[in-house]
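Enquirer:
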Amino acid sequence: MSHRSFVWLCLLPLAVVTAAFFLLPMARLVVTGAGGPQGLAGYLAILTEPRYRATLINTVLLAAATTIVTLIVATIAGMFLQRHRFPGRAVLIAMLTFPLAFPGVVVGFMIILLAGRQGLIGDFSNRLFGEKLVFAYSIYGLFLGYLYFSIPRVILTIMAAVQKLDIGLEEAARSLGAGPWAVQRDVVLPALAPAFVASGAIAFATAMGAFGTAFTLATNIDVLPMLIYTEFTLAANFSISAALSVGLGIITWFILALARSFSGSAVAAAG
Amino acid sequence: MRDRLIFTSQLIFTLLVASFLVVPAILSISAGVTVNYFRGIQSGVTLQWVAQVWELYAGTILLSFVIAFATLALTLAVGVPAAYALHIRGGRMSRVVEEIITLPLAIPGLAIALALLLTYGDFGDFRRSWLFILVGHVIFTMPFMVRSVMAVFATIDIKTLDESAASLGASPWRRFRDVIVPNALPGILAGSLMVVTLSLGEFNLTWMLHTPLTKTLPIGLADSYASMRLEVASAYTLIFFVMIIPLLVAMQLFAEKEAKR
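Same order as they appear, the protein sequences are chains A and B. Each residue of the first sequence is one higher than the last, beginning at 1 in my numbering. Each residue of the second sequence is one higher than the last, beginning at 1001 in my numbering.
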């Protein structure tokens, strides 16, 4: 057998698996999305139908809030951990990164333990103010869950980016008379921009498309993945759920592709 | 003085973030071995909940391992040769193929699961078997294996190795087995750890693809969160931690070792 045909042979199984179980189903999904009573206009329903549009806006706002807060939290903690050496640092890093392997369902349960009916926060607020604070089963619980999910990932990216920063630039800025805030604002943060874009995009796309956490917390939280799920399983509305999930897929793919072209590194969602 | 203040406030902030992540996990672990979580740890320590979980959900744990290792076998058999071919061929076509197989990372699992259901949902026997879940896991984890192996090929001069083995008269298959695979081993190991970890924890796809007879561990977890008492749900989560954390530690140790090389 020639080398050329051997290389083709190596590629064949992947081509078959991908075509049969990814490309063909995705094509079917796109066709089904246009197969409803409205035809191709079904794809516009996500924007024209008030209920779907409200859910879309809700989801985007939630994802944006998750991204911004995660970036702020992770930058403060990541910069601190990378710039200082102190006893217990390794343990602290381990504590901040061990939830990396938790699937969304488990993250949901963690939030229930914090803010659910038997949760820690409710317990404290009950003792302090005589009122039980329970918000795990609302969009605030979901927000907390996505923070829990995203912080470890983003911290790792920020720490790696801070490590690569050239300390000399900061020293130069200081020696030219820049104050600590000016150094952060004009030297450090701009240099970290690619890391912010890459990790922020992952946090955003995950918060848009993740399903496990929302599913664990409550089935009536108004976000896009839950809407798709209920349309498909409860209402058996195949064409609308297909159209909505194609729309959701295009949004998350687009965000990640945009981030990748900007930051130049591989970017993937998870969860 | 000022530096001291900044250091301390940053430390306190970081500690707060760490406790946000760690405290619920500790709560979960302690609840899993507490007689009555509502009354607290004073009510006694017990393994009865763990035993109950095993009785109720042993099947899901077993199926998760079966699926994880079947996924690993398939991603190895399909992904490693493909990574080699994509690297050797290079060029535009390889980039397009890599782009396509990476798409499942950018598209929510829910959408992929719907697509699989709409396409193969009517093939009753296939739909009802665990192979249906396996297919989803293979599509979802394949890019991790392929890219992890390709990353190794990018750091060693695999073409020269391959050509020198060819000039000594080795057949393509022998070269693949005796030269390519041993050299790709670090990438294969890293990819394998990733694939098994992801498959064990996969929920988004699996929830849509499972049937009452093909429940995996994360499906069982969601089930117990919804319908079992907190102690049972916690004990189940505890079992999941025991399974997944060694894999995570191995993955990080491995990454550190690679970074040092």
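Ideal placement from N, C-alpha and C gives every residue a C-beta, glycine not left out. Being a predicted model, the structure only gives us computed values, none of them experimental.
Which chain B residues are close to V105 (chain A), counting only those with a beta carbon under 9 angstroms from its beta carbon?
Expert: In chain order: G1201, F1203, W1207, P1218, I1219, L1221, A1222 and Y1225.
Enquirer: According to the neighbour-count rule (16 or more other Cβ atoms, all chains shown, within 10 Å of its Cβ), is E1231 (chain B) buried or exposed?
Expert: Classification of E1231 (chain B): buried, given that the 10 Å Cβ count is 16 or more.
Enquirer: Do the segment 28-43 of chain A and the segment 1159-1171 of chain B meet, that is, are 3 or more Cβ pairs less than 8 angstroms apart?
Expert: They do not touch, by the three-pair rule.
Enquirer: Compute the Euclidean distance between the alpha carbons of F21 (chain A) and F6 (chain A), then round it to the nearest angstrom.
Expert: If I take the Cα positions, the gap works out to 24 angstroms.
Enquirer: Would you kindly report the start and end of the unbroken beta strand (DSSP E) that includes Q118 (chain A)?
Expert: Element bounds for Q118 (chain A): n/a, residue is neither H nor E.
Enquirer: How would you call F254 (chain A), buried or exposed, if buried means at least 16 neighbouring beta carbons within 10 angstroms?
Expert: It is exposed - the Cβ of F254 (chain A) has fewer than 16 other Cβ atoms within 10 Å.
Enquirer: So, with DSSP's three-state summary, where would you put T1206 (chain B)?
Expert: If DSSP states are grouped into helix, strand and coil, T1206 (chain B) belongs with the helices.
Enquirer: By the DSSP assignment, the alpha helix (DSSP H) with I1088 (chain B) in it spans what residues?
Expert: Residues Q1048 to R1089.
Enquirer: Taking contact to mean 3 or more Cβ pairs, one atom from each stretch, closer than 8 angstroms, check whether the segment 135-155 of chain A and the segment 64-75 of chain A are in contact.
Expert: Touching, yes, given that three or more Cβ pairs across the two stretches are closer than 8 angstroms.
Enquirer: What does DSSP give as the partner residues of N1036 (chain B) in its beta bridges?
Expert: According to DSSP, which records beta bridges pairwise, N1036 (chain B) is partnered with B:G1040.
Enquirer: Considering only the alpha carbon of each residue, which of B:V1053, B:Y1084, B:L1117 and B:V1017 lies closest to G3 (chain A)?
Expert: It is His, not Gly, that sits at residue 3 (chain A) in the sequence shown. The residue with the shortest Cα to Cα distance from H3 (chain A) is B:Y1084.
Enquirer: Does any residue of chain B have a CB that is nearer than 8 angstroms to the CB of A269 (chain A)?
Expert: At A269 (chain A) the pLDDT is 47, less than 50, meaning the model places this residue with poor confidence and gives no usable figure here.
Enquirer: For V966 (chain B), which residues does DSSP report across the bridge?
Expert: Nothing in the structure corresponds to residue 966 (chain B), since chain B is present only between 1001 and 1261.
Enquirer: Rounded to whole angstroms, what is the Cα-Cα separation between P103 (chain A) and V1066 (chain B)?
Expert: For P103 (chain A) and V1066 (chain B), the distance between alpha carbons rounds to 19 angstroms.
Enquirer: Within 8 angstroms of any Cβ in chain B, is that where the Cβ of L62 (chain A) sits?
Expert: Not closer than 8 angstroms to any Cβ of chain B, the Cβ of L62 (chain A) fails to qualify, so no.
Enquirer: Does Y1037 (chain B) come within less than 8 angstroms of chain D when only Cβ atoms are used?
Expert: Looking for chain D here will not work: the only protein chains present are A and B.
Enquirer: With 9 angstroms as the C-beta to C-beta threshold (strictly closer), list the residues of the segment 139-172 of chain A near chain B in chain order.
Expert: For the segment 139-172 of chain A, which is checked against every Cβ of chain B, the residues closer than 9 angstroms are L144, L147, Y148, I151, P152 and I155.
Enquirer: According to DSSP, is F211 (chain A) helix, strand or coil?
Expert: Residue state, collapsed to three classes: coil.
Enquirer: Quick check: is the beta carbon of F1069 (chain B) nearer than 8 angstroms to any beta carbon in chain A?
Expert: Not an interface residue.
Enquirer: Kindly say whether F1007 (chain B), judged by its beta-carbon, lies nearer than 8 angstroms to any beta-carbon of chain A.
Expert: Yes, F1007 (chain B) counts as interfacial toward chain A.
Enquirer: Would you mind working out which of B:G1201, B:M1150, B:E1202 and B:L1198 sits nearest V1181 (chain B), comparing C-alpha positions?
Expert: Closest by alpha carbon: B:M1150.
Enquirer: On the CB-based measure, 16 or more other CB atoms within 10 Å of its CB, does L1200 (chain B) come out buried or exposed?
Expert: Burial call: buried.
Enquirer: Taking all protein chains shown into account, decide if W1207 (chain B) is buried (16 or more other Cβ within 10 angstroms of its Cβ) or exposed.
Expert: With 16 or more Cβ atoms within 10 Å of its Cβ, W1207 (chain B) is classed as buried.
Enquirer: With DSSP as the reference, label V30 (chain A) as helix, strand or coil.
Expert: Reduced to three states, the DSSP call for V30 (chain A) is helix.
Enquirer: Figure out for me which residue from B:H1087, B:L1011, B:W1049 and B:R1175 has the closest Cα to the Cα of H84 (chain A).
Expert: Checking every option, the nearest Cα to that of H84 (chain A) belongs to B:L1011.
Enquirer: Quick one: what does DSSP say G36 (chain A) is sitting in, helix, strand or coil?
Expert: It is coil, neither helix nor strand.
Enquirer: Within the segment 1126-1193 of chain B, note down every full alpha helix (DSSP H) run reaching 4 residues or more, in order along the chain.
Expert: Counting only runs of 4 or more, we get 1131-1155, 1158-1167 and 1172-1175.
Enquirer: Given 8 angstroms as the limit, is there contact between the segment 1106-1123 of chain B and the segment 1185-1193 of chain B, that is, 3 or more CB pairs closer than that?
Expert: Touching, no, given that fewer than three Cβ pairs across the two stretches are closer than 8 angstroms.
Enquirer: Is it right to say M159 (chain A) is buried, meaning 16 or more other beta carbons lie within 10 angstroms of its own, or is it exposed?
Expert: So M159 (chain A) counts as buried.
Enquirer: By Cβ distance, which residues of its chain are closer than 8 angstroms to M1194 (chain B), with the 5 residues on each side in sequence left out?
Expert: Answer for M1194 (chain B): T1141, F1144, M1145, S1148 and M1251, listed in chain order.
Enquirer: Note down, in chain order, every chain B residue with its Cβ under 7 angstroms from the Cβ of T18 (chain A).
Expert: Ordered by position in chain B, the residues that pass the 7 angstroms Cβ test against T18 (chain A) are I1100 and I1101.
Enquirer: Helix or strand or just coil, what does DSSP make of M95 (chain A)?
Expert: The answer is helix: DSSP assigns M95 (chain A) an H, G or I state.
Enquirer: Could you check what DSSP says for T1014 (chain B) in three-state terms: helix, strand or coil?
Expert: Helix.
Enquirer: For chain B, is any of its Cβ atoms less than 8 angstroms away from the one on G36 (chain A)?
Expert: No, G36 (chain A) does not count as interfacial toward chain B.
Enquirer: Between A1070 (chain B) and the rest of its own chain, which residues show a CB-CB distance below 7 angstroms, the 5 nearest in sequence each way excluded?
Expert: So the qualifying residues of the chain are L1134.
Enquirer: Alpha helix (DSSP H) containing Y1120 (chain B): first to last residue?
Expert: G1109 to Y1120 is the span of the alpha helix (DSSP H), which, as asked, contains Y1120 (chain B).
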